[in-house]
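Enquirer: Quick one: this structure, given as structure tokens, is what I'll be asking you about.
In the working numbering, the protein residues as written are 21 to 176.
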């Protein structure tokens with residue numbers, strides 16, 4: 021199963037995303053998260069944050085690269101051919117219920133990846149259900165599309 025994870029992460033350009041060499045401090049993390057915001061202008065989307073009492077303004081691509089996503093990754097939230105309801109039917113073979121339970125996944129690797137997404141990339145209290153962002157990332161993994169959910173991560 022470990023080889024499958026590495027293969028999936030490599031295929032979508034996340035090969036280095038899971039490697040976190042050093043932990044941060046609590047105060048820096050709070051400063052960063054409390055000041056993190058986005059702004060969409062005519063010339064693109066920008067991300068602002070503050071670290072060590074210094075303000076930073078980066079393009080979405082620059083911020084994605086700082087998070088160690090591959091420069092080839094698609095940043096758009098609109099993945100070509102992605103339809104949440106149709107993809108759910110493809111994964112579980114059922115009509116899409118209102119809440120997408122991860123337990124419905126037939127493939128154990130996808131089930132694990134869905135739980136990983138709900139705990140690490142888009143954390144929230146109830147890891148039994150997949151959000152639209154989780155399903156979008158799973159779609160990119162399933163179709164081997166290089167995709168960086170940077171904007172969704174910032175909004176989350």
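Backbone N, C-alpha and C define an ideal beta-carbon position, used for all residues, glycine too.
Once DSSP output is grouped into helix, strand and coil, what is the label at residue 120?
Expert: Note: residue 120 maps to strand in three-state DSSP.
Enquirer: What residues in its chain sit with their C-beta under 8 Å from that of residue 89, if we drop five residues either side in the sequence?
Expert: For residue 89, where only same-chain residues beyond five positions count, the Cβ hits under 8 Å are 33, 34, 37, 168 and 170.
Enquirer: Note down the Cα distance separating residue 154 from residue 91, rounded to an integer number of angstroms.
Expert: Distance between the alpha carbons of residue 154 and residue 91: 21 Å.
Enquirer: Which residues in the same chain as residue 166 place their Cβ atom closer than 7 Å to its Cβ, once the five residues preceding and following it in sequence are excluded?
Expert: Excluding positions up to five away in sequence, the list reads 32, 33, 90, 92, 93 and 94.
Enquirer: Rounded to a whole number of angstroms, what is the C-alpha to C-alpha distance between residue 86 and residue 80?
Expert: Cα to Cα, residue 86 sits roughly 10 Å from residue 80.
Enquirer: Buried or exposed: where does residue 138 fall if 16 or more other Cβ atoms within 10 Å of its Cβ makes it buried?
Expert: Result: buried.
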